[in-house]
Amino acid sequence: MLRLLLKIPFVVMTLLALMLFATTMIYWSFRPDVNFLLSKQNLVDYFPWRFAFYVHIAGGMLSIASGPFQFINTIRKRFPAFHRHLGKVYAASILLIGAPTGLYMAFFANGGWPASIGFVLMALLWFHTTLRGIQTIRKGNIASHKRWMTRSFALTFSAVTLRLWVPVLSLYSELSPLSVVIITAWISWLFNLLFVELLFKLKTINIYQHENITA
Amino acid sequence: MKTSPLKKLLAATTLAFTCQLSTAQSKASEETNWEEYQKVQDFIEENVCDVFTAKVKLTGIKSTHYFSRCPSGYNSQMLSKENTVRPENYVDGKIVFYQGCNANYVCHFKVCVAKNYIVLRSPGTNYMTVSDWVASRKQKTEKDKVAAR
Chain Z
-4 MLRLLLKIPF VVMTLLALML FATTMIYWSF RPDVNFLLSK QNLVDYFPWR
46 FAFYVHIAGG MLSIASGPFQ FINTIRKRFP AFHRHLGKVY AASILLIGAP
96 TGLYMAFFAN GGWPASIGFV LMALLWFHTT LRGIQTIRKG NIASHKRWMT
146 RSFALTFSAV TLRLWVPVLS LYSELSPLSV VIITAWISWL FNLLFVELLF
196 KLKTINIYQH ENITA
Chain H
47 MKTSPLKKLL AATTLAFTCQ LSTAQSKASE ETNWEEYQKV QDFIEENVCD
97 VFTAKVKLTG IKSTHYFSRC PSGYNSQMLS KENTVRPENY VDGKIVFYQG
147 CNANYVCHFK VCVAKNYIVL RSPGTNYMTV SDWVASRKQK TEKDKVAAR
């Protein structure tokens, strides 16, 4: 029963990740007047930005959809090759696609330079944590690999937490829309990172129970 | 000398950020007084948007649309030219309700901060005060509810 209860947060996280994947599909209509593009009407005709945007959401969709499955013990135990291949997709979608384009787009962030700095830092950390995750597994350090990849996914998941923080702060606080944009550019990933660091400290996270499994 | 990918990325970031800042500064409008523009916006925020947030509940809103990176809630959009948005001028605009990145039209406004003047208008109606507009909106919502029954 307890094991089942512990799985609830993971199931919720996976469902939210898949929900983001589904809501992002709308951008593949290539219409310039949908969702986030509505707030970027000054940039939708600027080819470098628009190109980066589509490349970024492609990378983001791959990483957010593949990430949760990398944490499932059964998959890692029974299908290590699948874990390896999906891991390569996850890492490539961040290192080659999501993080570099995210970094470029950070300079055009709504909210000006205070938000830009938040997103720049996030993109750099996203790249760094994923790269470290790859480097550690190449050296055979599974425990360290798990830690870095958990950090990496915490940053990937900031795409979800950003979309949860923004409506909460804009509807239930006295903050102006601009303040909401700036604050969420930071807390969307900072709190995620702090949360996983706390989990590491508490050692309650399930992924550390199987240190002997070859990833 | 071997440079790590992170250092290269950091260097490229710094360069791009500097370029972006200089481009943004050169594009800044010289005519619009943004301090005065902000005063007008704050006036509308306090006297219309905040009142609407407390008293006007919109119907027919899909909750899934809030799952977005755009702030939700009431906001103002100026229709008058940017450089005429000053506290001493009459300024036209519209109030919209943002549901994520989607803007839903609510009403038009006309304000003059210096004269403490605010009126609102929906399509097909005359201008009225904020309290009258809120009251008429409530009446309309009640009528819609009765009609739906």
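Same order as they appear, the protein sequences are chains Z and H.
Residue -4 is where the first sequence starts when you use this note's numbering, and the numbers rise one by one after that.
Residue 47 is where the second sequence starts when you use this note's numbering, and the numbers rise one by one after that.
The C-beta atom is built at its ideal place from N, Cα and C for all residues, glycine as well.
Exercise. If you check the beta carbons only, do Z/Phe114 and Z/Ala101 fall under 8 Å apart?
Worked result: Yes, they are a contact pair.
Problem set entry | CB contact check: H/Tyr112 to chain Z, cutoff 8 Å | Closer than 8 Å to some Cβ of chain Z, the Cβ of H/Tyr112 qualifies, so yes.
Problem set entry | DSSP bridge partner residues for H/Asp138 (one or two, in chain order) | Per DSSP, the beta bridge partners of H/Asp138 are H/Lys156.
For this session: Spell out the partners DSSP gives H/Ser21 in its beta bridges.
Result: An answer regarding residue 21 of chain H cannot be provided, because it is not within the stretch 47 to 195 covered by chain H.
Exercise. Quick one: is Z/Arg158 near chain H, going by C-beta distance under 8 Å?
Worked result: Closer than 8 Å: yes.
Problem set entry | Proximity of Z/Asn105 and Z/Ser153 at Cβ, strictly below 8 Å | Going by C-beta atoms, Z/Asn105 is not nearer than 8 Å to Z/Ser153.
For this session: Count the other CB atoms, across all protein chains shown, that sit within 10 Å of the CB of H/Thr171; report buried if there are 16 or more and exposed otherwise.
Result: That one is exposed.
Exercise. Tell me which same chain residues have a C-beta within less than 6 Å of the C-beta of Z/Thr19, skipping the five on either side of it?
Worked result: Only Ile52 and Met56 meet the Cβ criterion.
For this session: Would you please verify whether the beta carbon of Z/Leu194 is less than 8 Å from any beta carbon of chain H?
Result: The C-beta of Z/Leu194 comes no closer than 8 Å to any C-beta of chain H.
Exercise. Alpha carbon to alpha carbon, what distance is there between H/Glu91 and Z/Thr124?
Worked result: Whole-angstrom Cα-Cα distance: 41 Å.
Problem set entry | Proximal residues to Z/Leu11 (C-beta, below 6 Å), its chain only, five neighbours per side dropped | Excluding positions up to five away in sequence, the list reads Val155.
Problem set entry | Reduced DSSP secondary structure (H/G/I, E/B, other) of H/Ala74 | Annotation note: pLDDT 48 at H/Ala74 (below 50); position unreliable, coordinate value reported separately. It is coil, neither helix nor strand.
For this session: Please say whether Z/Ser165 and H/Ser118 have beta carbons closer to each other than 8 Å?
Result: One thing to note: H/Ser118 has its Cβ within 8 Å of the Cβ of Z/Ser165.
For this session: Starting from Z/Leu159, follow the beta strand (DSSP E) in both directions and report where the run begins and ends.
Result: Where Z/Leu159 is concerned, there is no enclosing beta strand (DSSP E), although the alpha helix (DSSP H) it sits in stretches over Ser153 to Tyr167.
For this session: Flag this pair as touching only if the stretch 130 to 150 of chain Z and the stretch 91 to 104 of chain H have three or more C-beta atom pairs under 8 Å; answer yes or no.
Result: No contact exists between the stretch 130 to 150 of chain Z and the stretch 91 to 104 of chain H.
Exercise. Is any beta-carbon of chain Z found at less than 8 Å from that of H/Ser122?
Worked result: It does not: the Cβ of H/Ser122 has no partner Cβ on chain Z nearer than 8 Å.
Exercise. At least one CB of chain Z closer than 8 Å to the CB of H/Ala74: is that the case?
Worked result: In this prediction, H/Ala74 has a pLDDT of 48, which is less than 50 and means its spatial position is unreliable; nothing more can be read from the coordinates.
Problem set entry | Exposure of H/Asn162, with buried meaning 16 or more beta-carbon neighbours within 10 Å | Around the C-beta of H/Asn162, fewer than 16 other C-beta atoms lie within 10 Å, and the residue is accordingly described as exposed.
Exercise. So what does DSSP say about Z/Leu170, is it helix, strand or coil?
Worked result: In the structure shown, Z/Leu170 adopts coil according to DSSP, grouped into three states.
For this session: Determine the closest residue to H/Asn148 out of H/Ala160, H/Ala181, H/Thr110 and H/Arg132, with distance taken between C-alpha atoms.
Result: Closest by alpha carbon: H/Thr110.
Problem set entry | CB of Z/Val161 within 8 Å of CB of H/Ser114, strictly | Against a cut-off of 8 Å, the Cβ pair of H/Ser114 and Z/Val161 comes out as a contact.
Exercise. Do you know offhand how far Z/Ala180's Cα is from Z/Phe46's?
Worked result: The straight-line gap separating the alpha-carbon atoms of Z/Ala180 and Z/Phe46 is approximately 22 Å.
Exercise. Around the C-beta of Z/Asn37, are 16 or more other C-beta atoms found within 10 angstroms, so that it is buried, or is it exposed?
Worked result: So Z/Asn37 counts as exposed.
Problem set entry | Beta-bridge pairing of H/Leu39 - partner residues as DSSP gives them | With chain H represented from 47 up to 195, any question about residue 39 of chain H goes unanswered, as that position is not in the structure.
Exercise. Expressed to the nearest angstrom, what Euclidean distance is found between the alpha-carbon atoms of Z/Val84 and Z/Phe48?
Worked result: CA-CA distance, Z/Val84 to Z/Phe48, rounds to 19 Å.
Exercise. Are Z/Ile89 and Z/Trp121 touching if we call contact CB-CB under 8 Å?
Worked result: Contact check for Z/Ile89 against Z/Trp121 passes: the beta carbons are separated by less than 8 Å.
For this session: Could you spell out where the alpha helix (DSSP H) holding Z/Ser216 opens and where it closes?
Result: One cannot answer for residue 216 of chain Z here, as it falls past the ends of chain Z, which runs -4 to 210.
Problem set entry | Reduced DSSP secondary structure (H/G/I, E/B, other) of H/Asn148 | Three-state result, H/Asn148: strand.
Problem set entry | Extent of the continuous alpha helix (DSSP H) run through Z/Arg127 | Per DSSP, Z/Arg127 belongs to the alpha helix (DSSP H) from Gly107 to Arg133.
Exercise. Z/Phe66: which of Z/Asp28, Z/Leu0 and Z/Val6 sits nearest, CA to CA?
Worked result: When each option's Cα is compared against that of Z/Phe66, the closest is Z/Val6.
For this session: Mind checking the stretch 130 to 164 of chain H against chain Z and listing, in chain order, the residues whose C-beta falls within less than 8 Å of any C-beta there?
Result: Taking 8 Å as the Cβ-Cβ cut-off against chain Z, the residues of the stretch 130 to 164 of chain H that qualify are Tyr144, Gly146, Cys147, Asn148 and Ala149.
Problem set entry | Exposure label - Z/Arg79; buried when at least 16 CB within 10 Å | It counts as exposed.
Exercise. What does a CB cutoff of less than 7 Å around Z/Leu81 pick up in its chain, not counting 5 residues either side in sequence?
Worked result: Result list for Z/Leu81: Ser61, Phe64 and Gln65, in chain order.
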